[in-house]
Amino acid sequence: MEPKGTAVVTGASRGIGRAVAIELAARGFETVASMRNPADGADLSGMRVERLDVTDPSTIALPEGLRVLVNNAGVESDNLPVEHMPIESWQRLFATNVFGLVEVTKRAVPIMRAAGGGVICNVTSSSTLAPVPFLGTYRASKAAVTAIGESLAAEVAQFGIRVIEIMPGPIETDMLAASDRPPAAAEHVEYRELAERLWEGRQGIRDAYTPADEAARRIVDAICDDHGPLRYGCDDLSVGMLAGWNGTDNAQWVRGMLRSFS
Ligand SMILES: NC(=O)c1ccc[n+]([C@@H]2O[C@H](COP(=O)([O-])OP(=O)(O)OC[C@H]3O[C@@H](n4cnc5c(N)ncnc54)[C@H](OP(=O)(O)O)[C@@H]3O)[C@@H](O)[C@H]2O)c1
Numbered sequence: 009m010e011p012k013g014t015a016v017v018t019g020a021s022r023g024i025g026r027a028v029a030i031e032l033a034a035r036g037f038e039t040v041a042s043m044r045n046p047a048d049g050a051d052l053s054g055m056r057v058e059r060l061d062v063t064d065p066s067t068i069a070l071p072e073g074l075r076v077l078v079n080n081a082g083v084e085s086d087n088l089p090v091e092h093m094p095i096e097s098w099q100r101l102f103a104t105n106v107f108g109l110v111e112v113t114k115r116a117v118p119i120m121r122a123a124g125g126g127v128i129c130n131v132t133s134s135s136t137l138a139p140v141p142f143l144g145t146y147r148a149s150k151a152a153v154t155a156i157g158e159s160l161a162a163e164v165a166q167f168g169i170r171v172i173e174i175m176p177g178p179i180e181t182d183m184l185a186a187s188d189r190p191p192a193a194a195e196h197v198e199y200r201e202l203a204e205r206l207w208e209g210r211q212g213i214r215d216a217y218t219p220a221d222e223a224a225r226r227i228v229d230a231i232c233d234d235h236g237p238l239r240y241g242c243d244d245l246s247v248g249m250l251a252g253w254n255g256t257d258n259a260q261w262v263r264g265m266l267r268s269f270s
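Residue numbers (our numbering): 9 to 270.
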């Protein structure tokens, strides 16, 4: 795709979304950085800043001529075992990461169809490729987006709409910083040892932390990559994980991962 026409990014106040909005604008897209609180985008130049809360349908208004939608807005929760995760946390994560994304996407499809096609880019997580303990709620919300994206891709290819999925590894944002502490699961005695081992393992991936602007360059490359695959990493760790997952018998991949985590 040529970098022209209108691109909308959700959750562009900070982190990956903000970096992607800046990169899209730099490449020549007419960019709308959408966010819950537009004051957070006061210093963004060369683009429009608009209010959009994915959990509030009354705020979702997408522009005519939309060519690129980046479904980036997302939240996470404390890292707890399934046994102890409050149902309210499941509901909160799914409200934003799944139902909010669906609300925005439903409105994007007819507009893109009328514009002759475009790209819907869903930001999920490379964590769905590994059975990471205490991430069940977050991984489930992202895996739901994977399934929705696959069906959507099959439905809208006929309209010239390409659906892609970005599966980030550890990108240096507030979300990564918030998760950079021993898992809350350690408060539960039955899970303490596993939580401590997971925290030790986390130290081993610090070198793979990737700046958000570097991830954003790869994400916009993927958006413009007309004949590319459905799924992309956007940092060396996620690119490697995706290659491992693609190239291995899946049962063998999951068994190997389970051995390393438990
Ligand atoms: N960083 C990583 O290592 C990593 C790894 C894998 C996947 N991801 C995914 O990448 C995406 C971006 O994450 P990030 O690391 O940039 O996180 P972040 O720094 O925490 O930023 C999250 C963004 O989502 C926005 N948001 C949350 N709820 C929203 C809602 N209801 N409506 C609109 N916007 C909302 C936030 O807005 P406010 O400023 O208003 O809170 C913020 O702009 C997420 O989908 C995340 O799951 C990140």
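Yeah, the Cβ is synthetic: ideal placement off N, Cα and C, and Gly gets one too.
Where the alpha helix (DSSP H) containing residue i begins and where it ends
i: M43; result: From DSSP, M43 is part of no alpha helix (DSSP H) but of the beta strand (DSSP E) over 38-43.
i: G209; result: 200-211
i: R26; result: 23-35
i: V112; result: 109-122
i: E96; result: 95-102
i: M175; result: Per DSSP, M175 belongs to no alpha helix (DSSP H) and is neither H nor E.
Integer Cβ distance of residue i from residue j, believed to fall under 8 angstroms
i: L137; j: M249; result: 5 angstroms
i: G108; j: A148; result: 15 angstroms between Cβ atoms; not a contact.
i: M120; j: L74; result: 6 angstroms
i: D48; j: R22; result: 7 angstroms
i: E173; j: T132; result: 5 angstroms
i: K150; j: N79; result: At roughly 11 angstroms, the Cβ-Cβ gap does not stay under 8 angstroms, so K150 and N79 are not in contact.
i: G28; j: A224; result: Position check: residue 28 holds Val in this sequence, whereas Gly was assumed. The Cβ separation is near 5 angstroms, so the contact holds.
i: T145; j: M93; result: 5 angstroms
i: P71; j: T14; result: 5 angstroms
i: M9; j: C232; result: 5 angstroms
i: I169; j: V117; result: 7 angstroms
i: A8; j: E204; result: Past the edges of the chain, shown from 9 to 270, lies residue 8, and the structure says nothing about it.
i: V228; j: L32; result: 6 angstroms
i: I24; j: I213; result: Not a contact, Cβ separation roughly 17 angstroms.
i: P141; j: S270; result: 7 angstroms
Enclosing beta strand (DSSP E) for residue i [first to last residue]
i: A15; result: 14-17
i: E158; result: Not the beta strand (DSSP E): E158 falls in the alpha helix (DSSP H), residues 144-164.
i: L77; result: 74-79
i: R189; result: Segment: none, R189 is in no beta strand (DSSP E) and carries neither H nor E.
i: G126; result: 126-131
i: E58; result: 56-59
Residue i: CB within 7 angstroms of a non-hydrogen atom of ligand 3
i: A151; result: This structure does not include ligand 3; its bound ligands are ligand 1.
Interface flag, residue i vs chain B, CB-CB below 8 angstroms
i: S270; result: In the structure shown, chain B cannot be found, because there is only a single protein chain.
Any beta strand (DSSP E) of 3 or more consecutive residues that is wholly inside the region 218-259:
none
At least three beta-carbon pairs within less than 8 angstroms, the region 63-79 to the region 160-168
no
Between the region 191-209 and the region 28-47, can you find at least three pairs of beta-carbon atoms closer than 8 angstroms?
no
How about the region 87-103 and the region 124-132: do they share at least three Cβ pairs that are nearer than 8 angstroms?
no
Are at least three pairs of beta-carbons, each pair with one atom in the region 239-246 and one in the region 211-220, less than 8 angstroms apart?
yes
For the 8 angstroms Cβ check, are there 3 or more pairs between the region 167-187 and the region 221-238?
Yes, they touch.
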